[in-house]
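Novice: Using this note's numbering, the letters of the sequence shown correspond one by one to residues 125 to 487.
Take a look at this one; I'll ask things after.
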Amino acid sequence: MADLFFSEYVEGSSNNKALEIYNNTGAAVDLAAAGYVVQMYFNGNTTAGLTIPLTGTVANGDVFVLAQSSASSVILAQADQTNGSGWFNGDDAVVLRKGGASGTVVDAIGQIGVDPGTEWGSGLTSTADNTLRRKTSVTMGDTNPSDAFDPSIEWDGFATDAFDGLGNYSGTSPEPEPEPPAIRRIYEIQGAAHTSPLAGQAVTTTGIVIAVDSNGFYLQDPTGDNNIATSDGIFVFTNSRPTVSVGDELRLAGTVSEFTPGGVSTGNLSTTQIGGTLTINVLSTGNALPSVVILGEGGRVPPNQIIDNDQTAPYNVQQGGGTYEPTEDGLDFYESLEGMRVTVQDARAVSGTNRFGEILHGC
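As structure tokens, then:
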């Protein structure tokens with residue numbers, strides 16, 4: 125995983141010392157909140173002689189410069205933070221950690237526990253009296269501070285007190301993580317109509333599982349939009365028995381469609397559903413179910429005279445042409461409750477309970 129790393133190391137004359145840190149994470153980093161520290165291990169010691177907690181925020185693709193407070197004014201002009209303690213020389217290891225003084229090492233210059241004499245490397249790429257700049261091909265730090273260190277592998281070298289590149293690193297930064305898809309509430313998917321305004325589109329939504337069937341489940345928004353024209357529930361088609369349970373809170377992604385029993389040519393009313401290639405994440409379990417809608421006395425009273433009176437000639441409500449009126453038209457009323465939890469006051473059976481013409485015989 126991409127993290128911060130050292131992009132420039134200045135070990136110049138006198139107190140001309142600085143460290144440039146590059147943000148390669150894909151997002152802005154709050155250094156203090158994440159616990160980033162720079163540590164210096166002097167003369168081969170295995171214990172840090174100086175720990176500097178970093179503060180401030182560094183944007184993605186930008187750098188953060190830490191400098192010795194008595195450094196040249198050219199260095200200080202680029203510094204985001206300074207420290208007045210005695211700093212490293214060419215034979216001292218420097219480490220960048222995340223998570224505090226005992227946190228994870230995300231980059232290292234030199235080798236902890238080893239004193240190389242005066243420097244690691246040689247010539248312009250040695251760690252003494254030179255400026256080192258990370259090669260632009262490098263995309264992450266050296267996370268093992270105990271392995272052998274050869275600066276020429278990942279660093280380009282420049283002469284003593286070369287400060288002209290400080291504060292500007294042209295490394296390759298990853299593209300920021302894409303924004304998560306916008307959540308479309310169930311009532312937005314249902315819309316105030318018999319068919320969804322988002323039919324054929326990929327959507328991401330959330331809700332509570334209120335019922336499980338053999339080939340899918342019903343999902344309902346726990347709060348809704350207080351609009352009686354739009355349903356707060358929807359069927360999620362999984363094709364086989366789903367693994368979710370009633371009370372699960374889900375975030376899921378899929379494609380909106382209209383399912384018509386027997387096919388569109390039958391003129392049957394369709395059911396809005398989410399299906400296709402589904403991605404389902406369980407956010408929590410055991411949640412209270414959304415409140416039921418009471419039908420009849422004390423709740424929403426269904427129209428009992430009009431099925432649909434928008435046109436006199438036969439027409440298909442699925443194809444528009446009429447007015448969507450849940451308070452007046454029976455078809456529209458029940459469409460507005462599609463997939464939701466409802467209860468009926470003093471329900472009475474008014475027809476047989478068989479589905480396929482079977483005759484029940486008891487003895």
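Backbone N, C-alpha and C define an ideal beta-carbon position, used for all residues, glycine too.
Computed from a predicted structure; not experimentally measured.
Looking at the strands, I want to know which residues DSSP matches up with residue 280.
Specialist: Residue 280 pairs with 257.
Novice: Our contact map puts residue 365 next to residue 414 with C-beta atoms below 8 Å; I'd like the distance itself, whole angstroms only.
Specialist: About 23 Å separates the two Cβ atoms, so there is no contact after all.
Novice: Beta-carbon within less than 6 Å of residue 469's beta-carbon, same chain only, minus the 5 sequence neighbours each way: which residues are those?
Specialist: Here the set comprises 420, 421.
Novice: Near residue 259, what residues of its chain come up, given a Cβ to Cβ distance below 7 Å and the 5 sequence neighbours on each side ignored?
Specialist: 278, 279, 280, listed in sequence order.
Novice: For residue 228, which residues of its own chain have a beta-carbon under 7 Å away from its beta-carbon, when the five flanking residues on both sides are left out?
Specialist: 221, 222
Novice: For residue 447, does the count of other Cβ atoms within 10 angstroms reach 16, so buried, or fall short, so exposed?
Specialist: Residue 447 sits exposed, since fewer than 16 C-beta atoms from the chains shown fall within 10 Å of its C-beta.
Novice: Start and end of the alpha helix (DSSP H) containing residue 198?
Specialist: If you look at residue 198, you'll find it in the alpha helix (DSSP H) that goes 197-200.
Novice: By Cβ distance below 6 Å, which residues in the same chain neighbour residue 214 in space, the five residues on each side in sequence not counted?
Specialist: 135, 242, 243, 251, 252
Novice: Would you mind reading off the limits of the beta strand (DSSP E) that contains residue 190?
Specialist: 187-192
Novice: Would you mind working out which of 175, 204, 427 sits nearest residue 291, comparing C-alpha positions?
Specialist: 204
Novice: Can you have a look at residue 195 and say buried or exposed, based on whether 16 or more other CB atoms are within 10 angstroms of its CB?
Specialist: buried
Novice: Can you grab the Cα-Cα spacing for the pair residue 348 / residue 356, in whole Å?
Specialist: 6 Å
Novice: Could you pull out every residue in the same chain whose Cβ sits closer than 7 Å to the Cβ of residue 193, ignoring the five residues on either side in sequence?
Specialist: 206, 207, 208
Novice: Run the CB neighbour count on residue 429, radius 10 Å, all protein chains shown included, and call it buried at 16 or more, exposed below.
Specialist: It is exposed - the Cβ of residue 429 has fewer than 16 other Cβ atoms within 10 Å.
Novice: Can we say the segment 399-413 touches the segment 376-387, given the rule of at least three CB pairs closer than 8 Å?
Specialist: yes
Novice: DSSP has residue 341 in a bridge; who is on the other side?
Specialist: Answer by DSSP bridge pairing, in chain order: 336, 360.
Novice: If I follow the unbroken beta strand (DSSP E) through residue 303, where does it start and stop?
Specialist: No beta strand (DSSP E) holds residue 303; DSSP gives it neither H nor E.
Novice: Answer yes or no: does any C-beta atom of chain E fall closer than 8 Å to that of residue 409?
Specialist: Of the chains in the structure shown, none is chain E; there is only one protein chain.
Novice: When burial is assigned at 16 or more other CB atoms within 10 Å of the CB, is residue 148 buried or exposed?
Specialist: buried
Novice: Given a cut-off of 8 Å on the beta-carbon distance, is the pair residue 307 and residue 358 in contact?
Specialist: No, these two residues do not count as a Cβ contact at 8 Å.
Novice: State the Cα-Cα distance for the pair residue 143 and residue 282, rounded to the nearest angstrom.
Specialist: 15 Å
Novice: Cα separation between residue 155 and residue 210?
Specialist: 22 Å
Novice: Who are the near neighbours of residue 372 in its chain, counting only those whose CB is closer than 6 Å to its CB and skipping five residues on each side?
Specialist: Excluding sequence neighbours, residue 372 sits near 333, 406, 409.
Novice: Counting along the chain, where does the alpha helix (DSSP H) carrying residue 458 start and finish?
Specialist: 454-459
Novice: Could you check the C-alpha separation between residue 168 and residue 273 for me, to the nearest Å?
Specialist: 13 Å
Novice: Starting from the Cα of residue 275, find the closest Cα among 202, 344, 246 and give me that residue.
Specialist: Per the Cα distances, 246.
Novice: Bridge partners for residue 462 per DSSP, in chain order?
Specialist: Answer is none; residue 462 lacks a bridge partner.
Novice: So residue 146 is in the beta strand (DSSP E); what residue range does that whole segment cover?
Specialist: 141-146
Novice: When you compare the CB positions of residue 330 and residue 394, do they come within less than 8 Å of one another, or not?
Specialist: no
Novice: Quick one: is residue 360 buried, meaning 16 or more other Cβ sit within 10 Å of its Cβ, or exposed?
Specialist: buried
Novice: Where do the N-terminal and C-terminal ends of the alpha helix (DSSP H) with residue 419 fall, by residue?
Specialist: Counting along the chain, residue 419 falls outside any alpha helix (DSSP H), though it belongs to the beta strand (DSSP E) covering 417-419.
Novice: Residue 165: which of 157, 471, 328, 175 sits nearest, CA to CA?
Specialist: 175
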